[in-house]
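Below is one structure, written out as structure tokens; the observations come after it.
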């Protein structure tokens with residue numbers, strides 16, 4: 387049986403995801419049912435990690451349209467906003483320049 391593990395975002399990814407969405411620490415805190423200082427502590431890498439808090443923040447930010455990207459051999463961890471769901475092939479082709 388194949389098991390797919392969901393990625394849990396890093397503290398830096400949580401902070402970057404908030405910025406992409408234009409959310410303040412208060413915005414994320416409200417959605418998580420926490421105090422603003424809890425979000426600040428969650429995003430502060432020097433304090434260690436809180437796996438359950440990171441997992442909850444990851445799920446909330448993903449539901450808001452953030453995609454978390456795991457590091458690989460080329461680049462580090464990242465975040466991006468989800469794009470349109472339609473495949474690229476369905477996008478209209480640019481009109482050809484007829485030179486007229």
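Residue numbers (my numbering): 387 to 486. Just so it is clear, CB atoms sit at the ideal spot from N, CA and C, and this is done for glycine as well. Remember, it's a predicted structure, so these values are computed and weren't measured experimentally.
Please report the straight-line C-alpha distance between residue 431 and residue 440, rounded to a whole angstrom.
Those two C-alpha atoms are separated by around 11 Å.
Measure the C-alpha to C-alpha separation of residue 414 and residue 396 and round it to an integer number of angstroms.
Approximately 15 Å between the Cα atoms of the pair.
Excluding the five sequence neighbours on either side, which residues of its own chain have a C-beta within less than 7 Å of the C-beta of residue 412, listed in chain order?
Around residue 412: 422.
Is residue 399 buried or exposed, if buried means 16 or more other CB atoms sit within 10 Å of its CB?
Looking at its Cβ environment, which holds 16 or more other Cβ atoms inside 10 Å, residue 399 is buried.
Taking CB distances under 8 Å as the criterion, tell me whether residue 468 reaches chain D.
Protein chain content of the structure displayed is limited to a single chain, and chain D is not contained in it.
Provide the residue(s) that pair with residue 467 in DSSP beta bridges, ordered along the chain.
In the DSSP output, where bridge partners are listed per residue, residue 467 has 452.
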